[in-house]
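The sequence shown begins at 19 in the numbering used here and counts up one residue at a time. Before any comments, here is the structure.
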Amino acid sequence: MINSASLRTHLITILASSMVVACILWNLETPIRLGFAVLPQQYMAFQLGMALTIAYLKFNFRGEEKQVIGWFHGTFAAIIFAVLMYAAIDFVWLLKEQSYRPWQITMIGAVVTLAVVEGIRRRTGWMLFGIVVVFMIYSLFADKVPGQLIGKALTIERMVQYIGFDPNAVFSTPLAVGTIIVMLFVFFGKLLFAAGGGNFFTDLAMAATGRSRGGSAKISVVGSALFGSISGSAVSNVVTTGVVTIPLMQRGGYTKRDAGAIEAVASTGGQLTPPIMGAAAFLMAEFLDISYFTVAGAALIPAILYYLSVFTQVDLIAGRDNIQPADAETLTVRQVLKEGWHFIIPFAVLLGALFWWRMDPEDSALLAAVAIVIVGFVRGYRGYRLTPKMLGRTFIETGTGMVDLILVVAAAGFVIGILNITGLGFALTLVLVDAVGSNAFLLLAVSAVICVILGMGMPTSGVYVLLAALVAPSLVEAGIEPIAAHLFILYFGMMSMITPPVALAAFAAATITEDDPLATGIASMRMGWAAFILPFIFVATPEILMQGSWIEIALNLGLAIVGIIAVTAGIVGYWSRGLGPILRIAFVGLGFTALPLGFLPAGFGIQFHIIAAVATIVMAAALRFQGSHQKNELKSGGN
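As C-alpha cells, then:
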C-alpha cells in the first residue's frame with residue numbers, strides 16, 4: 019500500500035474541490051480577464067484528468083469504494099493525471115501537429131481510451147461498457163461489415179488517436195456541457211440541500227397534500243418532482259427521498275409494492291421536468307442549436323401530464339382502498355413558507371436569469387448558487403444552516419459526484435466520434451428508416467424499444483447523449499420535428515429506469531420496501547403507463563410541445579387531460595366507486611380515443627377526439643353524481 023486512507027482522502031478532496039473551482043473560474047472567464055488564451059479543450063482535458071484520477075483513487079476493480087490506495091491504482095492514477103495535465107498544457111501545439119500524428123497524441127489517446135472504458139465498466143456496469151466496446155471493434159473492421167453498415171475502418175493507433183484526443187470525439191459537446199454547465203447545476207443542488215432545502219421541499223409537499231386522501235403518496239409525488247427536477251439521477255432521488263416517503267406510504271395503507279412503484283415513477287419523472295431535467299435540457303439545446311428557453315417550454319406540458327397521471331392514480335388507489343390522509347405533522351403551507359421562504363429566492367434568481375434575462379444556463383446557475391450561499395448563511399431552516407465547513411463539503415461532494423457523469427459523457431464522445439469518422443451514423447439512419455418504410459408509427463415503436471434497451475443503467479445525461487447520437491437522427495430523417503424526436507428519445511431512455519429487466523429506479527425502491535425487484539418494476543410500469551404514451555402524443559401533436567396557437571394548445575391539452583384521467587381510472591378500477599369490467603373497458607377505450615395521438619385512419623379529425631372526450635366527461639359525471647346520491651341516501655338512512 020502507498021499510504022493510509024488519510025492520503026487517499028486528502029488527494030480526493032484536493033482534486034474534487036479543484037474541479038469545482040476550475041469550473042467557476044472558467045465560467046467567470048478568469049483566464050481571459052488575466053490575459054491568457056485557453057481553449058475549451060484544455061479546460062476539458064483538465065477536468066477529465068481530475069475526474070479519472072479520482073475514479074481510480076476511489077474505486078476498485080468491482081466499482082466499490084476502497085479505503086486505501088493500492089500500488090496498481092496509485093500508479094495508474096498518477097499516469098492518468100500526468101498525461102491529461104500535459105494534454106491540457108500543450109493542447110495548442112498538439113492540435114497543430116495532429117495531422118502528423120506524433121507519438122504524444124497516441125500516448126494521450128491510449129491512456130484516455132483505456133481509462134474511460136475501464137472506468138465506465140466499474141461505475142456504470144456492463145451495458146454502456148459493452149456498447150462502447152462494440153463500436154470500437156466496429157471501427158477496426160468497418161470495411162468488412164456486409165450490407166449498408168459498411169464503413170471506413172481504422173487501425174488501432176488511429177482509433178485511439180481519434181477517440182481519445184480529437185475535439186470531435188472525447189473533447190466534444192457532451193463533455194463540454196457536462197464540465198461547463200452541468201457541474202454548476204449539481205453544485206447549486208448540493209448547496210441547496212446543505213442549507214436545508216431538501217427538508218423544506220419535503221415539508222412543503224407534506225403540508226400541501228398530506229391532509230387529502232392518499233396524502234402519504236401525494237407527498238412522495240410532489241416531493242420527488244421537486245427534488246428530481248434538480249437531481250441528475252432518478253436512482254439518487256429514490257434513495258434520498260424514498261427513505262422518508264416509502265415508509266410513510268406503507269404506514270398510510272399503500273402496499274409495499276405500490277409504495278416502491280410510486281416513488282420510482284415520481285423520481286424518474288423529475289428527470290423530465292423543467293427547469294433542469296437532470297441536465298438533459300442543456301445538452302438538448304446544444305445538440306439542436308436552439309435556446310434553452312425553447313427546450314424547457316416544449317418539455318413543460320408533457321411533464322405536467324406525466325405527473326397528472328401519477329397523481330390521479332395515487333388518489334384513485336386511495337379512494338379504492340380507503341386510504342386515509344397521512345398521519346403527518348400538523349404543518350401548514352403557511353408555516354412551512356414562513357420558516358423556509360428564503361429558499362424561494364435562489365429559485366427565483368435561477369428562473370429569472372434563465373427565462374426573463376435570457377442568460378446562459380451556466381451563468382444562471384452560478385448566480386443562483388451565489389444566492390443560496392447568501393440566504394443559507396443568513397437564515398436557517400429547522401436546524402439546518404449553511405456554514406463554512408458545509409460549504410467546503412459541497413465543493414468536494416460536487417466534484418466526486420461529477421465523476422460518473424464525466425465518465426459517461428466521455429464514453430459517449432467515443433461513440434459520437436466513431437459514428438462520424440466511420441460513416442456509421444449515416445448508415446444507421448438509413449438502415450432504420452429503410453427497415454420500417456414510410457410507417458411513422460412503426461419507426462417510433464422500434465425506436466422506443468431501442469431507447470429503453472440502450473438506456474438501461476445510465477444516468478440521465480448519459481442516456482440522452484447516447485440516444486441523441488444513435489436514434490434521434492433516424493427520427494429526424496423520417497420527418498419528425500427535431501425537438502419532438504429528441505424529447506421522444508429522452509422519455510423512452512428514462513423509462514428504462516422503471517422497465518425490467520434493468521429497472522434501476524424500481525430496484526432501488528424495492529431495496530427500501532424489501533419487496534421483489536421484478537414485481538416492483540412491473541408495478542412501476544403500470545404506475546407510469548402515461549410516460550409510454552406521451553412521447554407518441556407530442557410527436558403526433560406538436561401543440562403539446564407549445565407549437566401552435568394558444569387555442570390549439572389549450573384544446574389538445576384538454577383532450578390529453580381527459581384521456582389520461584380516464585385511462586388511469588380504468589387501470590385502477592375506481593371512479594367515485596369501484597368499476598366493473600365493462601366500465602373499466604369503457605374508461606380505457608374512450609380515454610385512449612380522446613388522446614390526440616394523431617394516428618387515426620384518414621377521415622378522422624380532431625372532432626373525433628372531442629366527441630370521445632365529451633362522452634368520457636358525461637360518463638364520469640354520471641358516475642360521480644350517482645356515487646354522491648348513494649352516499650346521501652346512506653346518510654339519510656343512517657339518520
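For every residue, glycine included, the Cβ atom is placed at its ideal position computed from N, Cα and C. Just so it is clear, the structure is predicted and the values come from calculations on it, not from any experiment.
In the structure shown, tyrosine 272 falls within a coil segment according to DSSP collapsed to helix, strand and coil. Look at the stretch 113-140 and you find no whole run of beta strand (DSSP E) that is 3 residues long or longer.
In this structure alanine 526 does not touch isoleucine 516 by the C-beta definition: roughly 11 Å separates them, more than the 8 Å allowed.
Secondary structure at glycine 596: strand, using DSSP grouped into helix, strand and coil. In this structure histidine 28 is exposed. Its beta-carbon is surrounded by fewer than 16 other beta-carbon atoms within 10 angstroms. Nearest to phenylalanine 459 by alpha-carbon distance, out of Pro192, Leu615, Gln59 and Ala23, is Leu615. DSSP places glutamine 179 in the uninterrupted alpha helix (DSSP H) bounded by 174-181. A straight-line Cα-Cα distance of about 12 Å links proline 599 and alanine 587. Histidine 360: not part of any alpha helix (DSSP H); DSSP gives it neither H nor E. For the 8 Å CB-CB criterion, valine 367 and alanine 389 form a contact. According to DSSP, residue pairing for tyrosine 402 in a beta bridge involves Tyr399. Every unbroken stretch of the alpha helix (DSSP H) spanning 4 or more residues and falling wholly within the stretch 208-245 is given here in chain order: 215-227. The C-beta distance from tyrosine 402 to asparagine 574 rounds to 43 Å, too long to fall under 8 Å, and the pair is not in contact.
Assignment of beta-bridge partners to glutamate 83 by DSSP yields Phe77. Judged by their CB atoms, valine 332 and alanine 225 are not nearer to each other than the 8 Å cut-off.
Here isoleucine 501 is not near valine 195, since their CB atoms are 8 Å or more apart. The closest CA to that of isoleucine 98, considering only Arg80, Phe79, Gln65 and Ser117, is found on Gln65. DSSP places serine 309 in the coil class of the three-state scheme, outside both helix and strand. Counting C-beta atoms within 10 angstroms of its own C-beta, leucine 146 has 16 or more neighbours from the protein chains shown and is therefore classed as buried.
In the structure shown, arginine 602 falls within a helical segment according to DSSP collapsed to helix, strand and coil. Annotated as distal: leucine 446 and leucine 508, with beta-carbon spacing of 8 Å or more.
Distance between alanine 95 and arginine 26, taken at the CA atoms: about 11 Å.
Using a 10 angstroms sphere on the CB of asparagine 340, the tally of other CB atoms stays under 16, which defines it as exposed. DSSP places glycine 443 in the uninterrupted alpha helix (DSSP H) bounded by 442-454. In its chain, beyond the 5 residues on either side, Tyr399 and Tyr402 have a beta carbon closer than 6 Å to the beta carbon of glycine 214. Burial state of proline 406 is exposed, judged by a 10 Å Cβ sphere holding fewer than 16 other Cβ atoms.
Contact between leucine 404 and valine 391 is confirmed by a C-beta separation of about 7 Å, below the 8 Å threshold. Burial check for glycine 417: the Cβ neighbour count within 10 Å reaches 16 or more, so the residue is buried.
In the pairwise beta carbon analysis, the stretch 163-170 is classified as not touching the stretch 468-476: fewer than three pairs are separated by under 8 Å. Counting along the chain, no alpha helix (DSSP H) covers isoleucine 199, and no H or E run does either.
Valine 129 and methionine 474 have their C-alpha atoms roughly 27 Å apart.
By the 16-neighbour rule on beta-carbons within 10 angstroms, phenylalanine 90 is exposed. Within the same chain, Gly250, Thr416, Gly419 and Met420 come within 7 Å of valine 204 by CB-CB distance, once the 5 residues on both sides are set aside.
The three-state reading of DSSP puts glutamine 60 in helix, counting H, G and I together. For serine 157, the uninterrupted alpha helix (DSSP H) segment begins and ends at 144-159.
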